[in-house]
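Below: the structure, in structure tokens.
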Amino acid sequence: MAASLAWRSSCAWVGRSLPPSETSRPGAAGWAVVLPVVAQKKAKKTRKVILKEDVAELGKKGDLLDVKAGFYRNYLLPMGKAQIVTSLLLKEMRIEEERIEAEKRRVKEEAEQLALIFQTVGAFKVKRKGGKGKQIFGSVTAQDLADIIKAQLQRDIDKRIISLPEIRETGEYIAELKLHPEVTAEVKLNVYAN
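Under our numbering, the sequence shown has 241 at position 185, and the numbering climbs by one with no breaks.
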């Protein structure tokens with residue numbers, strides 16, 4: 057919407073009143089000029105930013121967000137928690153995301169190969185001191201299985217990914233290894249007394 061402002065030239069007529077004969081006729085020397093003023097766009101109130109680190113109640117590192125300009129200027133920028141989005145930055149983000157996706161695929165493929173190795177191995181033998189009947193002294197734990205896998209396959213397995221039932225007797229048991237969020241492997245255990 058256009059508004060008009062009347063203003064006089066800053067030279068001879070400032071501070072003086074125009075003679076009545078000249079104020080009535082347009083185009084006369086010293087006539088007050090009417091200029092239309094077109095309003096400029098308001099400044100953007102939001103900024104597109106990329107978070108450099110996790111921000112509570114806002115997002116995680118690498119998120120692309122719209123935030124208020126004042127919040128960015130007064131908090132995110134001075135704390136070094138965000139950066140204004142540029143085309144170069146977006147390109148770098150895409151490259152980084154592709155690298156991360158490739159790494160995730162590689163880790164999943166390694167987990168699938170390890171699961172295949174566990175299937176081909178068959179059963180792991182665990183020897184314990186025996187008691188009456190089928191009972192054994194102590195129990196077989198996830199750490200015991202991790203040690204056996206390391207000794208036989210030269211693979212380090214974290215005991216926290218091993219899930220096995222309580223083993224206090226001789227027999228055959230199945231342990232589950234969560235190698236990846238999408239890949240689990242089942243391992244057979246033969247527990248016998250010596």
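Glycine included, each C-beta is placed from N, C-alpha and C at the ideal position.
Keep in mind it's a predicted model, so treat the numbers as computed, not measured.
Within 8 Å, strictly: CB atoms of residue i and residue j
| i | j | result |
| --- | --- | --- |
| residue 196 | residue 247 | yes |
| residue 164 | residue 239 | yes |
| residue 149 | residue 106 | yes |
| residue 102 | residue 116 | no |
| residue 231 | residue 186 | no |
| residue 228 | residue 245 | yes |
| residue 234 | residue 217 | yes |
| residue 198 | residue 220 | yes |
Per-residue DSSP class, three states only, for residue i
| i | result |
| --- | --- |
| residue 92 | strand |
| residue 232 | strand |
| residue 244 | strand |
| residue 215 | helix |
| residue 68 | Because the pLDDT of residue 68 is 46, which lies under 50, any placement of that residue in the model is unreliable, and the question is left without a value. |
Residue range of the unbroken beta strand (DSSP E) whose run includes residue i
| i | result |
| --- | --- |
| residue 139 | 138-140 |
| residue 207 | Unbroken run through residue 207 is the alpha helix (DSSP H), 198-209; no beta strand (DSSP E). |
| residue 132 | Run containing residue 132: none; DSSP gives neither H nor E here. |
| residue 105 | 102-107 |
| residue 225 | 223-225 |
Run of the alpha helix (DSSP H) containing residue i, from where it starts to where it stops
| i | result |
| --- | --- |
| residue 117 | Residue 117 -> no alpha helix (DSSP H), and no H or E assigned at all. |
| residue 162 | 143-177 |
Own chain partners of residue i with C-beta closer than 6 Å, once the 5 adjacent residues on each side are dropped
| i | result |
| --- | --- |
| residue 111 | 137 |
| residue 224 | 195 |
| residue 109 | 117 and 137 |
Close Cβ partners of residue i (< 7 Å) along its chain, the five nearest in sequence each way excluded
| i | result |
| --- | --- |
| residue 191 | 224 and 225 |
- [ ] Pair every Cβ in the region 167-178 with every Cβ in the region 222-238, then say whether three or more of these pairs are closer than 8 Å.
- [x] Contact between the region 167-178 and the region 222-238 is present, because at least three Cβ pairs lie under 8 Å.
Task: contact_flag[the region 203-221, the region 176-186] where n(CB pairs < 8 Å) is 3 or more - done: Taking 8 Å as the limit for Cβ pairs, the verdict is that the region 176-186 does touch the region 203-221.
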